[in-house]
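Per full-length UniProt numbering: the sequence shown = residues 1 to 884.
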Amino acid sequence: MPDKRTSRLERSSKPAQKQGASKGQKKKKKRITAKKLLWTSFFTIAFAIFCAIAGYMYITVSGEKILAENQDKLFIYETSKVYDRTGKLMGELSVNRSEPVEEEDIPELVKNAFKATEDRRFDEHNGIDLWAIGRAAVKDIMARSLVEGGSTITQQLAKNMFLDFDKTFFRKATEMSIAMALERHNTKDEILTMYLNRIFFGQKSYGIKAASQRYFGESDLNELELWEIATLAAIPKGPSIYNPVSNPEQSKQRRAVVLELMYQEGYITAAERDQAKAVDYTYVAPDKSGSYQAFMDYVVKEAEDKFGLTEDQLNRGGYKIYTTMDIQAQKAVEKAFANDDFFEKSVDDQQVQASIVIQNHENGSLIALLGGRDYERKGFSRVTSRRQPGSTFKPIVSYAPALESGKFKPNSLISNEKQCFGDYCPKNLHGYSKTIDMTTALTKSENIPSVWLLNEVGVGAGLKMASDMGITMDKDDRNLAIALGGLTYGTNTLEMAGAFSVFANGGNYNEPYSIKSIQDHDGVEKYKYNAPKTKRVISEQTAYYMTSMLQNVINDGTGKRAKIDRPVAGKTGTTQHGISGLKSSKNRDVWFVGYTPEWTASIWMGYDQPDKNHLLNGSSGQAASLFATIMKEALAGVPVKDFPVPANLEPVEPEEELVLNPANLSASYNQDTGIIALTWDGVDTEGAVYRLYRRALTEMDFVLYYETQATSAEDIAAEAGSGYEYYVTAYDPANDEESDPSNIAQVLIVADDPPMDDIDPDDGTIVDPGSGNDTGQEGGNGQGPGPGQGNGNNNGNGPGNGNGNGHGNGNGNGHGNGNGPSNGDNGGNGDPNGQNPDQGQDGGNPDGGSEEPPGSGDAEAPVQEGQGGDDPAAQVQVDPNTGG
């Protein structure tokens, strides 16, 4: 049975429904009852409370979690400090200064200045200032961006310690959570101390103490005046804008704001405020002397490479780094490099540069180094940049391997003839000779002997020697050019100091190093240098021989300007400019590498970017002078000692040079037999055949007259009334070589006296045509009443006007003046026709460049007196204006 009961609402709606059938149905309106509104409000409030609790719990847990995971960031370590080899503090390693100060050492006025400026309610809030947040929110809404932080001092500390500097809501929430955690675990004074020790003050300074030192030179915060405190408190809001050094006016204006805030908070009086406002800041630059930046940069690099520490760890880790640096030596280096008198003037702003490394060869420790003039922290260091070493490389790849082979000694005679080695044709600067002893060759820095030695011992031996001495060689260096320093990529002062240390250290190589040990902030030793086993490279005897030869370079050769008041051994070196089409004797690089019994030093000088306008006018003498100045000052007060002599040293006896040319030819006429007897000194060449040449004074040319293996001969075809000249050569059948000619011997045979009635009565006195010393004796000048005369250079002259001497110009004689000028270092021997078969060799620098061009070398280059005219093959001596 259907229910006929209906509600009032249903009954009242029936007519409407009927009406809607004709006019269209209308939507039913829902009424919100009080009950629904009550439940909705309840659930909304409950959800909000839940979200607030959840958010609070998240912030709390998140802050606690971040704080727990980063406890190490709560500690402030001092900037890493660096000490010299005696344990004396030499400086701080960090680029950014950071030096903490204890809570009790921070004056209340300093604390109040920062509270008034950065966080007025610091003592009241729990890390978050809701009033400040509300103020910041209003400003952010008005600006439609995040322009105001509203951060408390605690929040700023949290941000600096744990977060980045992005302004996002998530980062802000995290910052708040950390701030609350910090407040729960630390007192207000502890938080403020941590803040003041970490805040950035510009000028690479972190913390209030570092800033005080940087801007006012004051380490004790209690000594700061009110205006100085306010100046420091003004900086953190904009370290670059309110920096008193770079922006003194803006700094002063911001200082006034800080002072006003301090006055409003009751920390200072109006009089104190006004007085502090009026002070003008005057910047006093800190003393930069003794900064040793180049050495500390090298220390950082070594710590990274050998101990695995990062630069950031070294800068901020509070380490104590004990180095091998000698302060006296480093100061001497920096003083000399700051003296413009040691360097050539440049045509523009690109100045002549230099680098130096001083090493203790006994253990490899680096004593001092500098990578350039006006060096700045993290600047370009030429200590490790590569340049061509020139002749400084000769001892390493040529002389040391030759001595070590046992086939040569310092007095051994080696080739000095002009020659090519395959397609490689080096040249000497000082001319040529048949042979030269090794010591003289190195002293004069001749090129041919160095290449010849390397060719004898093998390029492989030279490469191995260089590598064993710490030189980085390239696979393309396998050629003879390395004998003159022609390397593919060059070398540097660090490697060259290590290489020459082998000679100074009895043949042992020690790897260069600069760090002895590193301690952490608690004084616990974390790293210690463990020197690798010393490597024997050459024998003690070879090392001593090399030292002896290199001492001769200083005493008698190209390195005279390196002399100081103690024993020195070393080698100079230069490289040619190598610019195509440029005809100039200027140099690209100059070197000096030398050592005393205590230390080894390597010096390079040149332009960073050499071109035709940026080349050196001088030679390696500049580097040698710089070495002398630095080492004399660096070793001041150190007792003088000699280079040690090894036990059981094999004595080096003077080695006589092989006689390769006949000499002392003499001729005498026997009037009774009519025979001219000739004798001469022979040669050491086995199986030599002597060739005697003769010409009559009436003839122009000499002709071969006689061959013999004896050292004497007779001319039985001489005619009375004639004159004859002779010279002899030595011919080697095995090699098909003929020596240089001996001296010339002359004989004049007097004709038989004619009958008296044949003499013209008007002629007066009977004239003897005269004769010179027929044996050409040294120092004896014979003279008859006739015009002919002989001189003491073993040249006798007849009636002609010829004259012979032994100073580079050989003159013929007889019926005319023959002149054979030669300016080469090995030429200048007049032949019997007055011609000079050896025109001498032009000086020149080697391909690959290793020696000084004419006119630019040391004035101290060795010079000897010319040989007498009795030896036409006598070597013309060195031009004193050239050097190597």
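Glycine included, C-beta positions come from ideal geometry on N, C-alpha and C. Every value quoted in this text rests on a predicted model; they were computed, and no experiment measured them.
Closest Cα partner of residue 363 within the set 610, 504 and 338: 504
Do the stretch 332-344 and the stretch 543-559 touch if we need at least three Cβ pairs shorter than 8 Å? no
Residue from 160, 234, 439 and 581 whose Cα sits closest to the Cα of residue 550: 439
Considering just the uninterrupted stretch of the alpha helix (DSSP H) at residue 541, what are its terminal residues? 540-556
Alpha carbon to alpha carbon, what distance is there between residue 82 and residue 320? 6 Å
Just the C-alpha distance for residue 562 and residue 601, rounded to the nearest angstrom, thanks. 11 Å
Kindly list the residues whose CB is nearer than 8 Å to the CB of residue 670, restricted to its own chain and excluding five residues on each side of it in sequence; keep chain order. 676 and 677
What are the partner residues of residue 604, as DSSP defines its beta bridges? 355 and 591
Identify every run of the beta strand (DSSP E) within the stretch 361-388, keeping only runs that are complete inside it and at least 3 residues long; order them along the chain. 366-370
Return helix, strand or coil for residue 829, following the three-state DSSP convention. Low confidence applies here, because residue 829 scores a pLDDT of 39, under 50, leaving its location unreliable and the question unanswered by this model.
For residue 681, which of helix, strand or coil comes out of DSSP? strand
Distance between residue 92 and residue 307 (C-alpha atoms, nearest Å): 19 Å
With a threshold of 6 Å on Cβ separation, who are the neighbours of residue 765 within its own chain once the five nearest residues in sequence on each side are excluded? Here the model assigns residue 765 a pLDDT of 38, short of 50, so the residue's position is not dependable, and the following value carries that caveat. Result list for residue 765: empty, nothing under 6 Å.
Report the option in 457, 518, 190 and 595 whose CA atom is closest to the CA atom of residue 502. 595
Tell me the DSSP secondary structure of residue 185 in three-state form. helix
Quick one: measure Cβ to Cβ for residue 100 and residue 197, integer angstroms, because I've assumed they're closer than 8 Å. 5 Å
Report yes if the C-beta distance between residue 297 and residue 385 is below 8 Å; otherwise report no. no
Less than 7 Å between C-beta atoms, sequence neighbours within five positions excluded: which residues of the same chain meet that for residue 457? 401, 402 and 405
Nearest neighbour of residue 697, chosen from 721, 689 and 423 [CA to CA]: 721
Validate contact between the stretch 370-379 and the stretch 510-525 using beta carbons, cut 8 Å, 3 pairs: no
Roughly how many whole angstroms lie between the Cα atoms of residue 431 and residue 719? 43 Å
Give the range of the alpha helix (DSSP H) segment to which residue 697 is assigned. Where residue 697 is concerned, there is no enclosing alpha helix (DSSP H), given that its DSSP letter is neither H nor E.
Roughly how many whole angstroms lie between the Cα atoms of residue 774 and residue 728? Only weak support exists for where residue 774 lies, its pLDDT of 39 falling under 50; the value from the coordinates is given anyway. Whole-angstrom Cα-Cα distance: 16 Å.
Here's the rule I'm using: 16 or more other beta-carbon atoms within 10 Å means buried, otherwise exposed. How should residue 222 be labelled? exposed
Which runs of the alpha helix (DSSP H) at least 4 residues long sit entirely within the stretch 383-433? Give them in chain order. 400-404
Distance, Cα to Cα, residue 493 vs residue 213? 37 Å
Residue 738 to residue 487 span [Cα, whole Å]: 38 Å
Pull up the distance between the alpha-carbon of residue 489 and that of residue 427, whole angstroms please. 23 Å
Measuring straight from C-alpha to C-alpha, what distance separates residue 875 and residue 387? Model confidence at residue 875 stands at a pLDDT of 31, short of 50, so the residue's coordinates are unreliable; what they give is reported in the following sentence. Taking the straight line from one Cα to the other gives about 35 Å.
My guess is that residue 734 and residue 683 are in contact by the Cβ rule of under 8 Å, so how many angstroms apart are they, rounded? Not really, about 13 Å apart at Cβ, beyond 8 Å.
To the nearest angstrom, how far is it from the Cα of residue 635 to the Cα of residue 451? 36 Å
For residue 702, which of helix, strand or coil comes out of DSSP? coil
Following the continuous alpha helix (DSSP H) through residue 112, name the residue where it begins and the one where it ends. 108-118
Buried or exposed for residue 647, please, with buried defined as at least 16 other CB atoms from any protein chain shown within 10 angstroms of its CB. exposed
Of the listed residues 123, 262 and 398, nearest to residue 409 (C-alpha basis): 398
Work out the CA separation of residue 751 and residue 706 for me, nearest whole Å. 25 Å
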